[in-house]
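Taking it in order: structure first as structure tokens, then the write-up.
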């Protein structure tokens, strides 16, 4: 893994950007590394974005022991981690499924965790945006088979909310939940065929987040995975923007293997294809950093 600090990190080259939205006040080092970052103006509902990295042939996870993380896909790109940190720094909420948590068991979904060398810059940015606390970490698990002793719950670094089913909540409450952790049960999706994150409707997840944040206007929600959870957000047309790092790697696939693509468990084309509009394109060495909006 690259351990280069921000002072030796090359800035992204802006190849295309639109002028829609408001330019955020990035601290100098983040402005040098990323350039201008615009986000939509405040509106009546939260703005939901996602961030993933994929190979040239569309693989987002090799899904094998010790090689299931995004780092294996990006080549442990420092620029990719810088962008991940930037998006977490501006987010009010980060949502991940239990599958993602199982891969990153010792992680906490904050900007400082993904790129410690830019921790001060990320904190300055949050202060400039009047975000006094780290983003709410939302873990989605229909089964409730989650260890509440993991750092995302026990460290107190960020507030945590677990969205689960009634059965999942009953299982979770057999453990002692830290004071910073809330457990909320919702109805399981009638169309669910498994016990994964997408067995819970995305609208139900956002409803629980809205109850946690009574004033939801202008909130920014970041969905970081996994592919089934992202697919559910796309299926309910609740995903506004997709940030996508395209890594210059061909992963390949065997017939019937378990490698994951950006969206799993849902099909859209040819009957209901989802088309995005490119609104931003940047280059970092041979990586491309794309940003699409979805109606």
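Numbering (our numbering), first residue to last: 946 to 1240.
Beta carbons are placed, not taken as given, at the ideal position from N, Cα and C, and that holds for glycine.
Quick caveat: nothing in here was measured; it's all calculated off a predicted structure.
If we count the other Cβ atoms within 10 Å of its Cβ and call it buried at 16 or more, is residue 1200 buried or exposed?
exposed
Using CA coordinates, which residue listed in 1207, 1041 and 979 is at the minimum distance from residue 1154?
1041
At what residues does the alpha helix (DSSP H) containing residue 976 begin and finish?
973-979
Excluding five sequence neighbours on each side, which residues of the same chain lie with their C-beta closer than 6 Å to the C-beta of residue 1140?
Residue placement at residue 1140 is poorly supported in this model, since its pLDDT is 47, which falls under 50; the coordinates are not used for a value here.
Kindly indicate which three-state DSSP category residue 984 falls into: helix, strand or coil?
Looking at residue 984 - three-state DSSP - the assignment turns out to be strand.
Near residue 1138, what residues of its chain come up, given a Cβ to Cβ distance below 6 Å and the 5 sequence neighbours on each side ignored?
For residue 1138, the predicted structure reports a pLDDT of 48, less than 50, and the residue's modelled location is therefore unreliable. A value from the coordinates is still provided. Counting only Cβ-Cβ distances below 6 Å, and skipping sequence neighbours, we find nothing.
Can at least three beta-carbon pairs, one atom from the segment 1033-1051 and one from the segment 1088-1099, be found at a separation below 8 Å?
Cβ pair count under 8 Å is three or more, so yes.
Between the beta-carbon of residue 1031 and the beta-carbon of residue 961, is there less than 7 Å?
No, Cβ-Cβ distance for residue 1031 and residue 961 is not below 7 Å.
In terms of alpha-carbon separation, which member of 1175, 1118 and 1122 lies closest to residue 1146?
Among 1175, 1118 and 1122, the Cα nearest to that of residue 1146 belongs to 1175.
Report yes if the CB atom of residue 1239 is closer than 7 Å to the CB atom of residue 1184, and no otherwise.
yes
Return the first residue and the last residue of the beta strand (DSSP E) that residue 1186 is part of.
1186-1191
For residue 1101 versus residue 1077, is the C-beta spacing smaller than 7 Å?
Taking 7 Å as the Cβ cut-off, residue 1101 and residue 1077 do not qualify as a contacting pair.
Going by the CB atoms, is the gap between residue 1228 and residue 974 shorter than 7 Å?
no
Cβ pair residue 1070, residue 951 closer than 7 Å
no
Does the Cβ of residue 1070 lie closer than 6 Å to at least one heavy atom of the ligand SAH?
Absent from the structure shown: the ligand SAH. Ligands present: none.
In whole angstroms, what separates the C-alpha of residue 1013 from that of residue 1003?
15 Å
Short check: CB of residue 1192 to CB of residue 1232, under 7 Å?
The answer is yes: Cβ separation under 7 Å.
Between the Cα of residue 1028 and the Cα atoms of 1171, 1063, 1010 and 1009, which residue gives the shortest distance?
1063
Does the beta-carbon of residue 1213 have 16 or more other beta-carbons within 10 angstroms, so that it is buried, or is it exposed?
Exposed, because fewer than 16 other Cβ atoms sit within 10 Å of the Cβ of residue 1213.
Taking the continuous alpha helix (DSSP H) assigned at residue 1065, which residues delimit it?
1064-1073
Contacting residues, own chain, Cβ-Cβ under 8 Å from residue 1223 (five flanking each side not counted)
961, 1235, 1236 and 1237
Straight-line CA distance for residue 1033 to residue 994?
11 Å
By Cβ distance, which residues of its chain are closer than 6 Å to residue 1103, with the 5 residues on each side in sequence left out?
1053, 1055, 1079 and 1082
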